[in-house]
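Participant:
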Amino acid sequence: MKTALILNGPNLNLLGTREPHVYGAQTLDDVQALCERACMANGFAMDFRQTNHEGTLVDWLHEAGRLHTAGTLAGVILNAGAYTHTSVALHDAIKGTGITLIELHISNVHAREAFRHHSYISPAAKAVMAGFGVNGYALAVAGLAGMLDTK
């Protein structure tokens, strides 16, 4: 069974309390439980992580590249949070690994502040999911399964 690696960036540990009118009332633990159900339904093992540190995300993406090479990784779902709009390092880490990656946003970033409209992640991602609330995580898992079925 291949693993879906679900990575969450800065401030996602504050889900449920940070701007609930934008991000909803669900906590990161709720999101993890949702992802676990979605992974089970799609035949994936799950590895779910969160960090507020850019370098840690880069390290995890490098690890994902090694797992991809070993044949044990289905793909990565990345909610990079604010690093989406600032991190060339994450872009380069994704490009350097050959992984299948889905960029994920809880809110519709294109309907928000102008600085959120640009993504350094999108050019390196296979797909982008935005605006579906936390349900976007389950949709991204299903999308990942669909991508693997078409290979």
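Take the sequence shown: its letters are residues 3 to 153, numbered as in my numbering.
Every residue, glycine too, gets a C-beta built ideally from N, C-alpha and C.
Please classify leucine 75 as buried or exposed, where buried requires at least 16 other C-beta atoms within 10 Å of its C-beta.
Facilitator: Buried.
Participant: Output the distance between the C-alpha atoms of alanine 132 and threonine 86, rounded to the nearest integer angstrom.
Facilitator: So the two alpha carbons sit approximately 12 Å from each other.
Participant: Can you name the start and end residues of the beta strand (DSSP E) that glutamine 52 belongs to?
Facilitator: Segment 47-52, the beta strand (DSSP E) holding glutamine 52.
Participant: For the segment 32-45 against the segment 57-65, are there 3 or more C-beta pairs whose distance is under 8 Å?
Facilitator: No, the segment 32-45 is not in contact with the segment 57-65.
Participant: How big is the Cα-Cα spacing for alanine 95 and leucine 69?
Facilitator: So the alpha carbons of these two residues sit roughly 14 Å apart.
Participant: With DSSP collapsed to three states, give me the class of methionine 42.
Facilitator: Correct three-state label for methionine 42: helix.
Participant: For threonine 99 versus aspartate 49, is the C-beta distance shorter than 9 Å?
Facilitator: No; because the gap between Cβ atoms is not below 9 Å, this pair is not in contact.
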